[in-house]
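There are 4 protein chains.
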Amino acid sequence: MMPIGHTRWAIAEGYIPSYSNGPEPQFTSHETVSMLNASEQDAHVRITIFYSDREPAGPYRITVAARRTMHLRFNNLTDPEPIPRDTDYASVIESDVPIVVQHTRLDSRQTANALLSTIAFASHE
Amino acid sequence: MMPIGHTRWAIAEGYIPSYSNGPEPQFTSHETVSMLNASEQDAHVRITIFYSDREPAGPYRITVAARRTMHLRFNNLTDPEPIPRDTDYASVIESDVPIVVQHTRLDSRQTANALLSTIAFASHE
Amino acid sequence: MMPIGHTRWAIAEGYIPSYSNGPEPQFTSHETVSMLNASEQDAHVRITIFYSDREPAGPYRITVAARRTMHLRFNNLTDPEPIPRDTDYASVIESDVPIVVQHTRLDSRQTANALLSTIAFASHE
Amino acid sequence: MMPIGHTRWAIAEGYIPSYSNGPEPQFTSHETVSMLNASEQDAHVRITIFYSDREPAGPYRITVAARRTMHLRFNNLTDPEPIPRDTDYASVIESDVPIVVQHTRLDSRQTANALLSTIAFASHE
Chain Y
1 MMPIGHTRWA IAEGYIPSYS NGPEPQFTSH ETVSMLNASE QDAHVRITIF
51 YSDREPAGPY RITVAARRTM HLRFNNLTDP EPIPRDTDYA SVIESDVPIV
101 VQHTRLDSRQ TANALLSTIA FASHE
Chain E
126 MMPIGHTRWA IAEGYIPSYS NGPEPQFTSH ETVSMLNASE QDAHVRITIF
176 YSDREPAGPY RITVAARRTM HLRFNNLTDP EPIPRDTDYA SVIESDVPIV
226 VQHTRLDSRQ TANALLSTIA FASHE
Chain Z
251 MMPIGHTRWA IAEGYIPSYS NGPEPQFTSH ETVSMLNASE QDAHVRITIF
301 YSDREPAGPY RITVAARRTM HLRFNNLTDP EPIPRDTDYA SVIESDVPIV
351 VQHTRLDSRQ TANALLSTIA FASHE
Chain P
376 MMPIGHTRWA IAEGYIPSYS NGPEPQFTSH ETVSMLNASE QDAHVRITIF
426 YSDREPAGPY RITVAARRTM HLRFNNLTDP EPIPRDTDYA SVIESDVPIV
476 VQHTRLDSRQ TANALLSTIA FASHE
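As structure tokens, then:
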């Protein structure tokens, strides 16, 4: 299959709620970056996290194997450092092969879930 | 009407919850790909499903008639194989005429619905 | 202000729930197309509705005044014909000046609201 | 890091609910514009608000520092004037350096939250 996507993406909106309602881990409040690598080569991905009041953190390094998708919870990033809860952030996702990036949040702080999702911004440069 | 859209699309985020609350089938948790074929020719569509830990499945073949929309539930795909529940996936949608593709999920696992929708990623190549 | 946007847009996903919970009209289940005309000229807009099993309906003709936004409920379209409830549809929005189009649904069938929104697909042709 | 984004963005959909459920300020119904400035220069941002029945308001002037994100609640804009509640609006966001813009609403009028988010429309001109 022909590769699809771009090599630089950005998500301006990020926020991991600090608490949840419902059984774990499905109903844990979380924020996910979904990456699709439809190409025949592994994608070496670098994620940089931007904050409102301090210098950016990262890069976080992840490999998305050829012909695979990865739905990565920002909650689970730990190296070089975890992302604090209840804190505004944004992210830039860079890959050495074209990928497609989408962003989803499950917010289960109240008794019913709230969901949001949006395609990330693809840089055409 | 002039055709509108593209012939290659991708959705990085996919997940069909395994249970639901509320009357069926409207409130069954589901994941939908909405396709609009505004052209004067039938669109022959091929959907490929990507997983995190196995080879892609498909193609699933669907025809969207000229001047019609189809809102297809991923839940209902069975040939060549159904999509497992509670499993991360992604999809690539290819058509022989330009179409427009949007992705929607209704999650009714808790007593209130959660909805998400996003335009799919359109490849300009 | 310089105009912003495009003259042809599409929304592949459309569905007006047939019932609601909560005080009217704010909590009536509805589906909205939000149009921004940042230009100095009135925008003459034509909306065509596509169905899954019959010929398209329309055009519905709307004017969005210069330097104005209009958040139009599909529920309220009546000429040439209303859009049936609980029916899948899609839409193409055409304007004689560039506009920006976004799609939102409030689903209040269950006791809590569900919201979705997505930017429409902009044709660059 | 190389800048990412565009200098002109639009959000066709805007609406600040007038009431809320749940502890403040996290659960106050709000509407947010998230801006990412990944460049090495401060971004001087001008926001113009469009209404359905009166002339546009603004510009509202905000600075997003270099290598920072800002998640700005429309609720908090006051200069030159606050945005009225329960009123349809739209916005154009202009910056002197490339930024990425995303739009999110938390609607907590009913006992459960509803969330929506979408990438803003990026003008390529």
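Protein chains in written order, with the working numbering: chain Y, 1 to 125; chain E, 126 to 250; chain Z, 251 to 375; chain P, 376 to 500. For every residue, glycine included, the Cβ atom is placed at its ideal position computed from N, Cα and C.
Worksheet item: For T157 (chain E), which option in E:M126, E:N201 and E:R192 has the closest C-alpha, if you only look at C-alpha atoms?
Response: For the set E:M126, E:N201 and E:R192, the Cα lying nearest the Cα of T157 (chain E) is the one of E:N201.
Discussion item. Buried or exposed for E55 (chain Y), going by 16 or more other Cβ atoms inside 10 Å?
Written reply: Looking at its Cβ environment, which holds fewer than 16 other Cβ atoms inside 10 Å, E55 (chain Y) is exposed.
Practice prompt. Determine, using beta carbons only, whether H280 (chain Z) comes closer than 8 Å to chain P.
Written response: no
Worksheet item: Within the chosen definition, does the stretch 256-267 of chain Z reach the stretch 334-352 of chain Z through at least 3 CB pairs nearer than 8 Å?
Response: Yes: the two stretches touch, three or more of their Cβ pairs being nearer than 8 Å.
Item to complete: Pair every Cβ in the stretch 130-140 of chain E with every Cβ in the stretch 215-226 of chain E, then say whether three or more of these pairs are closer than 8 Å.
Response: yes
Fill in: Straight-line gap, L329 (chain P) to Q352 (chain Z) (C-alpha atoms, nearest Å)
What the structure shows of chain P is the stretch from 376 to 500, and residue 329 (chain P) is not part of that stretch, so it cannot be assessed.
Discussion item. Please list, in chain order, the chain Z residues whose beta carbon lies closer than 7 Å to that of R192 (chain E).
Written reply: F300, E305 and P306
Fill in: CB of V64 (chain Y) within 8 Å of CB of A135 (chain E), strictly
no
Worksheet item: List, in order along the chain, the chain E residues whose C-beta lies closer than 9 Å to that of S41 (chain Y)?
Response: According to the sequence shown, residue 41 (chain Y) is Gln rather than Ser. Within chain E, no residue comes near Q41 (chain Y); the closest Cβ sits about 15 Å away, beyond 9 Å.
Fill in: Pairwise C-alpha distance: P434 (chain P) and R421 (chain P)
5 Å
Worksheet item: S248 (chain E) CB to nearest chain Y CB: under 8 Å?
Response: yes
Worksheet item: Would a check of beta-carbon distances place G380 (chain P) closer than 8 Å to chain C?
Response: Looking for chain C here will not work: the only protein chains present are Y, E, Z and P.
Fill in: Helix, strand or coil at Q360 (chain Z) according to DSSP, with G and I counted as helix
Below a pLDDT of 50, predicted positions are generally treated as unreliable, and Q360 (chain Z), at 49, falls in that range; the measurement from the model is reported next regardless. In the three-state reduction of the DSSP assignment, Q360 (chain Z) falls in the coil class, being assigned neither a helical nor a strand state.
Practice prompt. Kindly list the residues whose CB is nearer than 6 Å to the CB of D167 (chain E), restricted to its own chain and excluding five residues on each side of it in sequence; keep chain order.
Written response: T188, A190 and A191
Worksheet entry | Counterpart residues of Y339 (chain Z) in DSSP-defined beta bridges | Z:G264 and Z:Y301
Discussion item. Measuring straight from C-alpha to C-alpha, what distance separates F425 (chain P) and H446 (chain P)?
Written reply: 20 Å
Worksheet entry | Contact test: Y435 (chain P) Cβ vs the ligand FAD heavy atom, cutoff 7 Å | The ligand FAD is absent from the structure shown, which contains no ligands of any kind.
Worksheet item: When DSSP builds the beta bridges, which residues end up paired with I62 (chain Y)?
Response: Assignment of beta-bridge partners to I62 (chain Y) by DSSP yields Y:V45.
Worksheet item: Applying a beta-carbon distance threshold of less than 8 Å, which residues of chain E neighbour V350 (chain Z)?
Response: Correct list: empty, because the minimum Cβ distance to chain E is about 14 Å.
Worksheet item: Who does A163 (chain E) pair with in a DSSP beta bridge?
Response: Answer is none; A163 (chain E) lacks a bridge partner.
Item to complete: Using the Cα positions of R323 (chain Z) and A57 (chain Y), report the straight-line distance between them to the nearest angstrom.
Response: Counting only the Cα atoms, A57 (chain Y) lies some 43 Å from R323 (chain Z).
Practice prompt. Compare the Cα-Cα distances from R436 (chain P) to each of P:M376, P:R443, P:E456 and P:A465 and report the closest residue.
Written response: P:E456
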